[in-house]
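Just so we're aligned: the sequence shown equals residues 97 to 770 in this note's numbering.
Glycine included, each C-beta is placed from N, C-alpha and C at the ideal position.
Remember, predicted model here, so these are calculated numbers, not experimental data.
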Amino acid sequence: MIAQESGQLKKKESPAASNQLAGQLFDSLPIAIYTCDKQGFITSFNQVAVKLWGRTPEIGKDLWCGSWKIFQLNGEPLNLDSCPMARTLKEGVAVEGEEIIIQRPDGARLNVLPYPVPTFNDAGELIGAVNTLIDVTEQRNSEGKQAMLATIIESSEDAIVSKTLNGIITTWNNSAERMFGYSEQEVIGKHITLIIPNNRRKEEEEIIEKIRQGKKVEHYETYRLTKAGTEIPLSLTISPILNTKGQVIGASKIARDITRQKIAEENLQRYANNLETLNIVGKMISERLAVHDILQQVTDVTTQVTGAAFGAFFYNKFDEHGESYMLYTLSGAPREAFEKFGMPRNTAVFSPTFNGEGTVRVDDITKDPRYGKNSPYFGMPKGHLPVVSYLAVPVISKAGPVIGGLFYGHPEAGKFTSHHEVIIESVATQAAIALENAKLYEEIKKLNDKKDEFIGLASHELKTPVTSLSGYLQIINRRLAVDDVNKSFIEKALAQINKLSDLISDLLDVSKIETGQLPFSFTGFDLLQLLHEATEIMQYSTKTHRLVLTSELDKIMVTADKQRIEQVIINLLSNAVKYSPGADLVNISVSMAENKAVVAVQDFGLGISKEQQERIFTRFYRVEDMANHISGLGIGLFISKEIISRHKGRLWIESGKGKGSTFFFEIPVEQDLT
Numbered sequence: 097m098i099a100q101e102s103g104q105l106k107k108k109e110s111p112a113a114s115n116q117l118a119g120q121l122f123d124s125l126p127i128a129i130y131t132c133d134k135q136g137f138i139t140s141f142n143q144v145a146v147k148l149w150g151r152t153p154e155i156g157k158d159l160w161c162g163s164w165k166i167f168q169l170n171g172e173p174l175n176l177d178s179c180p181m182a183r184t185l186k187e188g189v190a191v192e193g194e195e196i197i198i199q200r201p202d203g204a205r206l207n208v209l210p211y212p213v214p215t216f217n218d219a220g221e222l223i224g225a226v227n228t229l230i231d232v233t234e235q236r237n238s239e240g241k242q243a244m245l246a247t248i249i250e251s252s253e254d255a256i257v258s259k260t261l262n263g264i265i266t267t268w269n270n271s272a273e274r275m276f277g278y279s280e281q282e283v284i285g286k287h288i289t290l291i292i293p294n295n296r297r298k299e300e301e302e303i304i305e306k307i308r309q310g311k312k313v314e315h316y317e318t319y320r321l322t323k324a325g326t327e328i329p330l331s332l333t334i335s336p337i338l339n340t341k342g343q344v345i346g347a348s349k350i351a352r353d354i355t356r357q358k359i360a361e362e363n364l365q366r367y368a369n370n371l372e373t374l375n376i377v378g379k380m381i382s383e384r385l386a387v388h389d390i391l392q393q394v395t396d397v398t399t400q401v402t403g404a405a406f407g408a409f410f411y412n413k414f415d416e417h418g419e420s421y422m423l424y425t426l427s428g429a430p431r432e433a434f435e436k437f438g439m440p441r442n443t444a445v446f447s448p449t450f451n452g453e454g455t456v457r458v459d460d461i462t463k464d465p466r467y468g469k470n471s472p473y474f475g476m477p478k479g480h481l482p483v484v485s486y487l488a489v490p491v492i493s494k495a496g497p498v499i500g501g502l503f504y505g506h507p508e509a510g511k512f513t514s515h516h517e518v519i520i521e522s523v524a525t526q527a528a529i530a531l532e533n534a535k536l537y538e539e540i541k542k543l544n545d546k547k548d549e550f551i552g553l554a555s556h557e558l559k560t561p562v563t564s565l566s567g568y569l570q571i572i573n574r575r576l577a578v579d580d581v582n583k584s585f586i587e588k589a590l591a592q593i594n595k596l597s598d599l600i601s602d603l604l605d606v607s608k609i610e611t612g613q614l615p616f617s618f619t620g621f622d623l624l625q626l627l628h629e630a631t632e633i634m635q636y637s638t639k640t641h642r643l644v645l646t647s648e649l650d651k652i653m654v655t656a657d658k659q660r661i662e663q664v665i666i667n668l669l670s671n672a673v674k675y676s677p678g679a680d681l682v683n684i685s686v687s688m689a690e691n692k693a694v695v696a697v698q699d700f701g702l703g704i705s706k707e708q709q710e711r712i713f714t715r716f717y718r719v720e721d722m723a724n725h726i727s728g729l730g731i732g733l734f735i736s737k738e739i740i741s742r743h744k745g746r747l748w749i750e751s752g753k754g755k756g757s758t759f760f761f762e763i764p765v766e767q768d769l770t
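Listed below in structure tokens is the structure:
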């Protein structure tokens, strides 16, 4: 084509002017182009070609190609006399679109599509060739990245879904199909509310609004609906999808099934609740000797824990016939509901309890073969409280006789579990001790000591496998390559292991606080340096927030338990990050006031209402609006307050709903250790 254009120019202009114009046109082309004579020696090239090759070839010396080296697509070297330009000159025909790889002198490799075309004179004789080189490196890299991304998405254990800003599903990976039960064909083009429970539709509006603003939503805990109608707990990370102009056009959603995590949290919470129940009963026994008060509270607490419609304690009395049971305490129902029917007798249903044979738990007592065998009712009397689920636990004295029994009922089937048995049996044991005699007071203290020893042992036993798991995962993580797709999963697993270890340590601290055994070791140290170290540690563990420490002082020397004060600081920083998911900044400051060091940790998150601020420092309390989406047991602030109190200091909060929170603590710089 260039030869033809040059021919046309010759008719109108002088050869010199024509050659000059052709040269200008040649150099101004936006793509690499060069020419060779029929022997293959390079005769001309433009600057785009020089830039592509990374070198300037020598006219009349370099053959066929100006590249430093050339390769086939499989990476094997390509002989110079076999390159597309050489073949065109040998065969006299154009070679189109045979992609090659060229290497520059600096080692960089580029994917190139050459288009060599032979040129002929007026007599039809081959006089050379023109080669156009198109750089497709970026395109190939993009294709490779897309292919890799597609592979990652399809092989991911997490469900990955994309949707438009109107909520229309556009992509759906294999894990999404396994998680929700819908095939790709069933959901593409459908609205995302297909998998959102009706009572959570408002969440989608809030999420989309943040996405429209270009904000990312991370670790959003919620529930979604499967095809079978089952709600599953998920942790969602939603990111905006941008077009080439940077405009938000949709959202990508990564959904992780956290059922196991929730079960683990529920088990820990259940364990904590069990401890709380046992602690309540233990306190009642140690603080009160009034039998009625103790039994009434035992009945109330256990009825609530089991979820029973009603609960009762019956004394095991003996009349002239050798049997008589007396209702002593009742919870969840009026006494009239029992008293008008008379007391239960030694029937097949009640006999195992009052004879001390063990716990009786039946999902449907009306279908039990022992039920309905005695006159005059042969079953449940008319007007009696409806009982289907049945649980009865004997209360046996240490000497052996059965003092009485704790009974629970519910009108629905299958309400009581083995977990409830364990709790009630534990409570029944403590209740029996309380009922025997005030002389057993010292024995009760020993029982509490054993309980605390059990808590410490259980926490230690839990920590051992958790520590081993953490070690194995760290070994695996170190052996993985930096770009290994499994590395992020190992790191996330390590984060969860560390979180579980912290929860176990907190539970142990709570137990020690309750028994007054939380150890303290006071030394002198620089509080400002400790804050720098703790802030640096926390900054490494979070990628979502900047932790900024400010102080007008160079050093703040205090006498305190360094490890425990660090525990308080880490807890406050962790809470600030956790409870400000929509922010990216946490401010930390330290100052002096009246010979006291004052530390403040400010977040820009959800904030806490005035009503709830008074309760956040109590055990196991969690702010209602945050409990649904942010995991935790609610004991960190309780432990922190106890630590600061033991330092003769105070811990407090300043906050407002939606205005973020600032937690303060102050401690004297000197402690009276006498």
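With DSSP collapsed to three states, give me the class of residue i.
i, result
"Lys535", "Because Lys535 carries a pLDDT of 45, less than 50, the predicted location of this residue cannot be relied on, and the following value inherits that uncertainty. Reduced to three states, the DSSP call for Lys535 is helix."
"Thr525", "helix"
"Val484", "coil"
"Trp748", "strand"
"Phe276", "helix"
"Asn339", "coil"
"His515", "helix"
"Ser427", "strand"
"Ile127", "coil"
"His641", "coil"
"Tyr675", "coil"
"Phe713", "coil"
"Ala509", "coil"
"Glu172", "coil"
"Val401", "helix"
"Gly732", "helix"
Within 10 Å of its beta-carbon, does residue i have 16 or more other beta-carbons around it, so buried, or fewer, so exposed?
i, result
"Leu338", "exposed"
"Ser124", "exposed"
"Asp657", "buried"
"Leu391", "buried"
"Thr373", "buried"
"Ile79", "The structure shown does not extend to residue 79, since the chain is modelled only from 97 through 770, so no value can be given for it."
"Gly701", "buried"
"Gln659", "exposed"
"Gln343", "exposed"
"Thr131", "buried"
"Gln309", "exposed"
"Tyr568", "exposed"
"Ala723", "Any reading at Ala723 must be qualified, since the residue scores a pLDDT of 46, below 50, and its modelled position is unreliable; no value is offered."
"Leu426", "buried"
Are residue i and residue j touching if we call contact CB-CB under 8 angstroms?
i, j, result
"Lys651", "Ile763", "no"
"His628", "Leu645", "yes"
"Pro153", "Pro180", "no"
"Gly703", "Gly752", "yes"
"Asn667", "Ser736", "yes"
"Thr398", "Ile520", "yes"
Can you list, in chain order, the residues of its chain with a C-beta nearer than 8 angstroms to that of residue i? Leave out the 5 residues immediately preceding and following it.
i, result
"Ile304", "Leu261, Gly263 and Ala347"
"Pro472", "Its pLDDT being 49, under 50, Pro472 is placed unreliably in this model, and the value from its coordinates should be taken loosely. Excluding sequence neighbours, Pro472 sits near nothing in its chain."
Can you list, in chain order, the residues of its chain with a C-beta nearer than 6 angstroms to that of residue i? Leave out the 5 residues immediately preceding and following it.
i, result
"Val654", "Leu623, Ala693 and Val765"
"His315", "Ser331"
"Ala524", "Val489, Val491 and Leu502"
"Ser140", "Thr131"
"His516", "Thr402"
Who are the Cβ neighbours of residue i in its own chain at under 7 angstroms, not counting the five residues just before and after it?
i, result
"Arg742", "Phe616"
"Arg575", "none"
"Lys535", "With a pLDDT of 45 at Lys535, under the threshold of 50, the modelled position of this residue cannot be trusted, and the question is left open."
"Ile138", "Tyr130, Cys132, Pro153, Ile155, Asp158 and Gly162"
"Asp768", "none"
Please look up how many angstroms separate the CB atoms of residue i and residue j, rounded, as I've assumed it's under 8 angstroms.
i, j, result
"Leu747", "Phe761", "4 angstroms"
"Phe409", "Gly500", "6 angstroms"
"Trp160", "Arg200", "Actually they do not touch by this definition, with Cβ atoms about 17 angstroms apart."
"Pro214", "Ala190", "7 angstroms"
"Val283", "Ala351", "Wrong, their Cβ atoms sit about 13 angstroms apart, outside the cutoff."
"Ser493", "Phe512", "Incorrect: roughly 25 angstroms between the Cβ atoms, too far for contact."
"Phe167", "Ile127", "Between Ile127 and Phe167 the Cβ distance is about 21 angstroms, and since that is not below 8 angstroms, they are no contact."
"Thr326", "Glu299", "Thr326 to Glu299, Cβ: 18 angstroms. No contact."
"Ile740", "Val664", "6 angstroms"
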